[in-house]
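Residue numbers (this note's numbering): 224 to 351.
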């Protein structure tokens with residue numbers, strides 16, 4: 224009887240460990256360019272999965288623009304998966320004179336997008 228209880232207990236513990244290993248926490252991190260090669264990231268990280276999904280959806284649904292920003296982006300946002308040591312998304316933001324956001328995806332993209340007006344408030348909250 225004791226052996227059966229011990230086997231059940233060990234099985235439950237093993238299953239719990241395996242389930243915990245399968246969960247991967249992503250994090251959204253905001254940073255600023257100090258020069259062309261250096262980005263300094265804030266210590267604060269967003270780990271709320273709903274906020275991360277919302278940010279990705281906003282990026283994926285934004286419209287392409289013909290506007291071409293100049294200079295270094297004011298802000299960079301990355302979504303990382305530290306457990307896998309991977310970067311899932313990198314977005315460079317330029318803030319226009321009219322407080323709109325133009326962005327590119329990745330390191331050297333030549334395509335630019337504009338954040339839809341309905342999402343500007345959401346982007347400002349993430350960048351704060």
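Yeah, the Cβ is synthetic: ideal placement off N, Cα and C, and Gly gets one too.
Query, Result
"Cβ-based neighbour list, residue 299, same chain, cut-off 6 Å, excluding 5 preceding and 5 following", "254, 262, 315"
"Separation of residue 293 from residue 258, as counted between CA atoms", "14 Å"
"Integer Cβ distance of residue 251 from residue 269, believed to fall under 8 Å", "4 Å"
"Coil, strand or helix - residue 342 by DSSP", "helix"
"Nearest to residue 287 (by Cα), restricted to the options 351, 333, 348, 279", "333"
"Beta-bridge pairing of residue 202 - partner residues as DSSP gives them", "The question about residue 202 has no answer, for the chain in this structure spans 224 to 351."
"First and last residue of the uninterrupted alpha helix (DSSP H) at residue 280", "272 to 284"
"Three-way DSSP call (helix, strand, coil) for residue 244 in this model", "Low per-residue confidence applies at residue 244: pLDDT is 48, beneath 50, and the placement is therefore not dependable enough to give any value."
"Span separating the alpha-carbon of residue 350 from that of residue 265", "10 Å"
"Paired residues, beta bridge with residue 347 - DSSP", "According to DSSP, which records beta bridges pairwise, residue 347 is partnered with nothing at all."
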